[in-house]
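Down below is the structure, laid out as structure tokens.
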Amino acid sequence: MEKMVKYREAITQLLNGYLASGTHKENPNVEEYVSFDTERDHYQLLSLGWENGRRVYFCILHFDIKGGKIWLQENNTDYDIISRLEEMGIAKSEIVIGFHPADVRGMSEFAAA
């Protein structure tokens, strides 16, 4: 259980830190939101608004915690997420790159699932 608390705190810190950095903010009509579902362990940073008459709804970052591991499901940033997680004491063996196909995950230094 202690590991799960550590994972939740790390993900929350990462998402809030990225949001607070403001480096991604380009359009005042598009807002960024963090969404934390701590009961089911889904965590996202989203863009929502309007740009040039078109609706914007975009997932910037998405994490899940499942099977006792952190799953990075989406990363549409240049932010070095893995290094930040490692700085927080989370090993690559505890991280699954969920946007890679299952057969590719086993060939990396990260958890396969």
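Heads up, the working numbering is the position in the sequence shown plus 1456, with the first residue counted as 1.
Think of the CB as a built atom: it goes at the ideal place given N, C-alpha and C, for glycine as much as any other residue.
All figures in this text were calculated on a predicted structure; none of them were measured in a lab.
Please state whether the Cβ-Cβ distance between Y1474 and L1502 is less than 9 Å. Residue 1474 sits at position 18 when you count from the first residue of the sequence shown. Residue 1502 sits at position 46 when you count from the first residue of the sequence shown. No, they are not a contact pair.
State the DSSP-derived secondary structure class of Y1474, mapped to helix, strand or coil. Stepping through the sequence shown from its first residue, residue 1474 is reached at position 18. Three-state DSSP puts Y1474 in a helix.
For A1466, count neighbouring Cβ atoms within 10 angstroms of its own Cβ and tell me buried if that reaches 16, exposed if not. Residue 1466 sits at position 10 when you count from the first residue of the sequence shown. By the neighbour-count rule (16 or more Cβ atoms within 10 Å), A1466 is buried.
Let me see if you follow: with CB-CB separation under 9 Å, is V1512 close to chain D or not? This model lacks chain D altogether, as it is built from one protein chain only.
Closest to Q1469 by CA distance: which of E1487, P1484, F1492 and E1482 is it? In the sequence shown, residue 1469 corresponds to position 13, counting from 1. For Q1469, the nearest C-alpha among the options comes from F1492.
I think G1505 touches N1483, with their Cβ atoms under 8 Å apart; what is that distance to the nearest whole Å? Start at 1 with the first residue of the sequence shown, and residue 1505 comes out as number 49. Start at 1 with the first residue of the sequence shown, and residue 1483 comes out as number 27. Confirmed, about 7 Å.
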